[in-house]
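Heads up, the thing below is written out as structure tokens.
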Amino acid sequence: MSCQSCSGCFTNNSCSTKVTVKEKTRFQDLLNAASNSSHDDHLIPTIVVELSKNVYASHNVLIKAFDTLGLSAFLELSRVLYQLKLTGEHIAWADEYCQSNLDLLMHTLQTDKQKLLAYCDDQAELHELFRSLAPHTIPRVSQ
Numbered sequence: 726m727s728c729q730s731c732s733g734c735f736t737n738n739s740c741s742t743k744v745t746v747k748e749k750t751r752f753q754d755l756l757n758a759a760s761n762s763s764h765d766d767h768l769i770p771t772i773v774v775e776l777s778k779n780v781y782a783s784h785n786v787l788i789k790a791f792d793t794l795g796l797s798a799f800l801e802l803s804r805v806l807y808q809l810k811l812t813g814e815h816i817a818w819a820d821e822y823c824q825s826n827l828d829l830l831m832h833t834l835q836t837d838k839q840k841l842l843a844y845c846d847d848q849a850e851l852h853e854l855f856r857s858l859a860p861h862t863i864p865r866v867s868q
């Protein structure tokens, strides 16, 4: 069987696991593995890629968060971002909203996330408008 980039190597899941089950637990398994392992040299980059969706600005925010906050706070931030569906370009917009202040971002995610989510949705709409994309091409994050 060829590798299908399922992250099974990091999560003890096989490549034959049903897709819905994999998607539901894969990211949490990555976070658990990173928190329980001293060998995070592959796990942290995998978490960053999963969250940033290869958006360079978001990738930089997440690497800065890991360097600044430390492992446990980074994993908590990652968990919250994933739960709120703040992935891809939304992470860069959230960082912009908090003026590149990671402590403020953590605080905002805990206390005033609705304004942050609305800001990210507004940014998505603006990017669609100015890049001539169809409406809702960029996913929205508001609940």
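Quick note: the sequence shown, position 97, residue 822 per my numbering, numbers continuous. Cβ atoms here follow ideal geometry from the backbone N, Cα and C, with glycine treated the same way. For clarity, every value in this text was computed on a predicted model and none was experimentally measured.
(message) Contact between the region 819-831 and the region 786-805 is defined here as three or more beta-carbon pairs at a separation below 8 Å; is this criterion met?
(response) yes
(message) Am I right that Ala817 and Ser783 are in contact with their C-beta atoms under 8 Å? What's the rounded C-beta distance?
(response) Residue numbering aside, residue 817 sits at position 92 when the sequence shown is read from its first letter. Residue numbering aside, residue 783 sits at position 58 when the sequence shown is read from its first letter. Cβ atoms of Ala817 and Ser783 come within 8 Å of each other, at about 5 Å.
(message) Taking the alpha carbon of Arg865 as the reference point, which residue from Val780, Leu809, Asp754, Leu776 has its own alpha carbon closest?
(response) For the purposes of this step, residue 865 is taken as residue 140 along the sequence shown, with counting starting at 1. Nearest of Val780, Leu809, Asp754, Leu776 to Arg865, Cα basis: Leu809.
(message) If I measure Cβ to Cβ from Leu800 and keep anything under 7 Å in the same chain, skipping five residues before and after, which residues do I get?
(response) As a working note, residue 800 is residue 75 in the sequence shown. Only Leu756, Ala759, Ser760 meet the Cβ criterion.
(request) Give a yes or no on whether the C-beta atoms belonging to Leu858 and Thr812 are separated by under 8 Å. (result) Sequence index remark: in the sequence shown, residue 858 carries index 133 (1-based). Sequence index remark: in the sequence shown, residue 812 carries index 87 (1-based). For Leu858 and Thr812, no; Cβs fall outside 8 Å.
(message) Is the beta carbon of Leu834 closer than 8 Å to that of Leu841?
(response) Taking the first residue of the sequence shown as position 1, residue 841 is located at position 116. Taking the first residue of the sequence shown as position 1, residue 834 is located at position 109. Yes; because the gap between Cβ atoms is below 8 Å, this pair is in contact.
(message) So, with DSSP's three-state summary, where would you put Asp846?
(response) Translated into the one-based positions of the sequence shown, residue 846 becomes position 121. Three-state DSSP puts Asp846 in a helix.
(message) Using only the alpha-carbon positions, how far apart do Leu854 and Ser762 sit?
(response) The residue given as residue 854 occupies position 129 in the sequence shown. The residue given as residue 762 occupies position 37 in the sequence shown. Answer to the nearest angstrom: the Cα atoms are 44 Å apart.
(request) Specify, as a first and last residue, the run of the alpha helix (DSSP H) that Asp820 falls within. (result) Working through the sequence shown from its first residue, we reach residue 820 at position 95. Run containing Asp820: 814-822, per the alpha helix (DSSP H) assignment.
(message) Measuring only the C-alpha atoms, how far is Ile863 from Ala849?
(response) Locating residue 863 in the sequence shown gives position 138, where the first residue counts as 1. Locating residue 849 in the sequence shown gives position 124, where the first residue counts as 1. The straight-line gap from Cα to Cα measures roughly 6 Å.
(request) Find the nearest neighbour of Asp820 within the set Val774, Asp754, Asn785, judged by alpha-carbon distance. (result) For the purposes of this step, residue 820 is identified with residue 95 of the sequence shown, where counting begins at 1. Comparing Cα positions, the closest option is Asn785.
(request) Output the boundary residues of the alpha helix (DSSP H) element that contains Lys789. (result) The residue you call residue 789 lines up with position 64 of the sequence shown. In the DSSP assignment, Lys789 falls within the alpha helix (DSSP H) that extends over 781-794.
(message) Taking 7 Å as the limit between beta carbons, can you name the residues of its chain near His815, skipping five residues before and five after?
(response) As a first step, residue 815 must be located in the sequence shown, where it is residue number 90. Answer for His815: Cys845, Val866, listed in chain order.
(message) For Leu776, report the span of its alpha helix (DSSP H) as first-last.
(response) For the purposes of this step, residue 776 is identified with residue 51 of the sequence shown, where counting begins at 1. Unbroken alpha helix (DSSP H) run through Leu776: 768-777.
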